Structure formats: C-alpha cells, structure tokens
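Following: one structure in structure tokens, then a few remarks.
There are 2 protein chains.
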Amino acid sequence: MAKPQTSGLETHLGYWLRYVSNHVSHAFARKLEARGVTVAEWALLRALFDHDALAPSEIAGNMGMTRGAISKLTDRLEAKALILRTQSRDDKRWQTLALTASGRALVPKLAALADRNDEEFFGHLTATERQAIAEAMRTIVRRHGFKNIPTE
Amino acid sequence: MAKPQTSGLETHLGYWLRYVSNHVSHAFARKLEARGVTVAEWALLRALFDHDALAPSEIAGNMGMTRGAISKLTDRLEAKALILRTQSRDDKRWQTLALTASGRALVPKLAALADRNDEEFFGHLTATERQAIAEAMRTIVRRHGFKNIPTE
DNA sequence: TATTGTTATACTCTATAACTATA
DNA sequence: TATAGTTATAGAGTATAACAATA
Numbered sequence: 087m088a089k090p091q092t093s094g095l096e097t098h099l100g101y102w103l104r105y106v107s108n109h110v111s112h113a114f115a116r117k118l119e120a121r122g123v124t125v126a127e128w129a130l131l132r133a134l135f136d137h138d139a140l141a142p143s144e145i146a147g148n149m150g151m152t153r154g155a156i157s158k159l160t161d162r163l164e165a166k167a168l169i170l171r172t173q174s175r176d177d178k179r180w181q182t183l184a185l186t187a188s189g190r191a192l193v194p195k196l197a198a199l200a201d202r203n204d205e206e207f208f209g210h211l212t213a214t215e216r217q218a219i220a221e222a223m224r225t226i227v228r229r230h231g232f233k234n235i236p237t238e
Numbered sequence: 087m088a089k090p091q092t093s094g095l096e097t098h099l100g101y102w103l104r105y106v107s108n109h110v111s112h113a114f115a116r117k118l119e120a121r122g123v124t125v126a127e128w129a130l131l132r133a134l135f136d137h138d139a140l141a142p143s144e145i146a147g148n149m150g151m152t153r154g155a156i157s158k159l160t161d162r163l164e165a166k167a168l169i170l171r172t173q174s175r176d177d178k179r180w181q182t183l184a185l186t187a188s189g190r191a192l193v194p195k196l197a198a199l200a201d202r203n204d205e206e207f208f209g210h211l212t213a214t215e216r217q218a219i220a221e222a223m224r225t226i227v228r229r230h231g232f233k234n235i236p237t238e
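Residue numbers (our numbering), protein chains in the order written: chain W, 87 to 238; chain Y, 87 to 238.
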C-alpha cells in the first residue's frame with residue numbers, strides 16, 4: 087500500500103524524453119558538423135529560408151534566445167558567409183538578416199541531414215506511432231505556451 | 087508528386103522531442119535550484135542512493151560522462167557536503183563515492199520534485215499514452231545501445 | 001606500461017547586465 | 001527616456017589531452 091518514497095530516474099517520462107532527445111540531437115550535431123554548422127545555426131538558417139530579412143530581435147523572440155545569444159550566432163554565420171547583416175535606412179538601430187546565395191544553397195542539404203537523422207532513430211516506428219508521439223508533444227507545447235525553438 | 091525538397095523544423099519528430107524535453111528539463115532545473123543542485127548532480131546523487139560506494143570511473147561509464155566531468159561534478163557535491171570521497175586501501179588509485187547523511191536525506195526530497203515536474207507536464211496524458219511513449223523511448227534506447235544517463 | 005583521478009584548454013549554450021548608438 | 005544591437009562576465013555542459021600517483 088505504501089508507495090516507494092524515493093522514485094528512481096527511470097520512473098519519469100521526462101527522463102526518457104531527455105535520454106532519447108539528447109542522443110538524437112547529438113547524432114544530428116555530428117552530421118551537421120560535416121557541413122560546419124551547429125544545431126542552433128541550422129535552426130536560424132532554416133527560419134531565414136522561409137522568412138528572409140528578419141531582424142535579430144524578432145529572431146530572439148521567435149527562438150526564445152536572448153539578443154546577446156543571437157548576436158554571437160549571427161557573428162559566426164556571417165563569418166561563414168552564410169548570412170548577411172544589413173542596416174535599415176529608416177531606423178539605423180535595426181538590422182535585417184538574410185541568407186547569402188551559399189547560405190540558401192546549404193539549407194536543403196542540411197534539411198536532408200535532418201531527414202536522415204529522424205529516419206535513423208524513428209524510422210522503425212509506424213506512421214501512427216510517430217503521429218501519436220508528435221501530437222502528444224504538440225499538445226504539451228500548446229498547454230504550456232512554450233515559445234522557444236530548441237537549439238540544443 | 088514532388089516531395090517538398092526542404093523539410094521544415096517541425097516535420098521532424100526529433101524537433102518535437104527536443105522542444106518538449108528542453109522545457110521539461112529546464113523547469114526541473116529551476117525546481118532543483120531551490121535545493122541548490124543541478125540536474126547532473128541529481129542524477130549522480132540518485133545513483134549513489136541505490137549503489138553507494140561507486141568509483142568515479144564506474145560512474146563515468148554508467149552516465150556516459152568523461153572522468154574529467156565527473157571530477158568537477160564530485161568537487162561541487164563534496165563542497166556542498168552531499169557526498170564523501172574515500173581512498174581505497176587496496177589500490178590507492180581508486181576512490182569510492184558515497185552519500186553523506188545530509189546527501190541521503192536530500193535525495194527523497196529531490197525525487198519528490200522530479201515527481202511533481204513529471205506530473206506538471208505529463209499528468210494530463212492517460213496512463214496508456216504515457217506508457218506508450220515511454221515504451222517507444224525504451225525501444226529506441228535498446229535499438230541504438232545508448233549508454234548515457236541524460237544530464238542536461 | 002597501463003590505469004585512476006586531476007587539471008588545463010577550448011567550445012557551445014545560457015543568463016544577466018552594462019554599454020553604444022539611435023530614435 | 002526607450003530601443004536595437006553589442007559586449008563582458010559567469011556558469012554548466014561537452015571534449016581532448018596532458019599530468020601525477022599508483023599499480
């Protein structure tokens with residue numbers, strides 16, 4: 087009748103999610119490494135692929151990172167010639183970020199790596215299982231009002 | 087007929103797991119902060135709760151961390167008087183780590199925080215849903231031979 | 001030599017806060 | 001003053017590698 091007083095690590099669903107997520111993410115990071123980018127850089131490049139000309143502070147809001155973190159991230163991406171900073175004429179405090187030609191060319195290749203990584207870890211699940219898990223995760227995001235794009 | 091060439095972030099199950107896992111883990115970290123420990127420290131303390139007198143290199147193997155990382159971790163835990171380092175008599179290269187009285191008293195309180203955190207994020211799911219997700223994760227761990235205990 | 005634990009270095013991401021330039 | 005972007009600092013985590021002590 088007495089519940090165990092001290093639950094173990096493996097009794098928590100959060101433990102299992104973190105366990106798998108860490109490995110999946112690290113495997114993805116190793117794949118991206120061959121292209122010279124990190125997971126955070128991939129997330130930003132992918133965002134610019136759809137919405138070019140975003141301002142750093144907008145990105146900070148979308149991705150749940152601080153402006154300082156975005157500043158360092160864009161430093162690295164600019165040094166790799168994957169994005170371009172442009173000052174706004176109207177308000178010189180604002181910048182807009184956009185992909186360079188080589189940045190835009192790279193994104194589909196990175197997306198293919200993401201596809202391959204997902205297939206590697208979740209390919210054995212049925213489509214129904216994958217959808218059920220994804221839906222459960224989306225529900226949790228909705229219920230808790232998460233605003234960040236994960237970058238780890 | 088043509089598949090989209092450049093898949094988006096949200097098309098990958100790995101993205102959703104990382105998204106939710108990061109938030110769940112950060113929420114847990116904030117709860118642990120009130121007790122002055124990190125998630126990595128919690129995982130080590132919980133391991134010692136079951137298997138006292140582990141050697142740092144054994145822990146490194148179990149948790150998938152380097153010996154250097156364990157060394158820093160045990161430095162902090164010893165400074166907080168939660169664990170004790172003891173040199174082995176037989177082979178002076180070996181140490182054994184064990185919980186102090188206050189360390190042992192703390193673990194059940196941390197476990198309660200973990201229970202509460204899990205309930206907060208996954209409590210709305212049915213037992214069947216939770217078990218299905220946990221089982222899917224365990225299967226992935228088994229298939230890929232993961233060896234690390236997640237500490238982020 | 002091989003192994004244990006420690007230390008040093010470097011990098012990523014996180015967070016806070018001070019700083020500049022502009023409005 | 002308020003805001004955008006930068007920079008500095010500090011901490012936790014990762015990884016590699018050199019190191020001393022011991023076997």
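Virtual Cβ for every residue (Gly too), placed ideally from N, Cα, C.
Computed from a prediction, not measured in an experiment: that's the story for all the values here.
Counted as a single uninterrupted DSSP element, the beta strand (DSSP E) harbouring threonine 182 of chain W occupies residues 181-185.
Shown in chain order are the members of the stretch 186-197 of chain W whose Cβ falls below 7 angstroms from a Cβ of chain Y: Val193, Pro194 and Ala197. Residues of the same chain with a CB within less than 7 angstroms of the CB of alanine 200 of chain W, apart from the 5 flanking positions on each side, are Phe114 in chain order. Straight-line spacing of the CA atoms in threonine 92 of chain W and threonine 186 of chain Y works out to 17 angstroms. Scanning its chain for C-beta atoms nearer than 6 angstroms, with the 5 sequence neighbours on each side dropped, one finds around leucine 140 of chain W the residues Leu183, in chain order. Assignment of glutamine 217 of chain W by DSSP, reduced to helix, strand and coil, places it in the helix class. Between valine 106 of chain W and leucine 211 of chain Y, the beta carbon gap of about 17 angstroms keeps them out of contact (Cβ cut-off 8 angstroms). Bounds of the beta strand (DSSP E) holding threonine 172 of chain W are 169-173. Note on geometry: alpha-carbon atoms of alanine 133 of chain Y and valine 123 of chain W lie some 35 angstroms from one another. For the stretch 168-180 of chain Y, there are no residues whose beta carbon sits under 8 angstroms from a beta carbon of chain W.
Taking the Cα positions, asparagine 108 of chain Y is about 21 angstroms away from lysine 117 of chain W. In the three-state reduction of the DSSP assignment, leucine 103 of chain Y falls in the helix class. Proximity of the stretch 169-181 of chain W to the stretch 211-222 of chain W falls short of the contact definition, fewer than three beta-carbon pairs being nearer than 8 angstroms.
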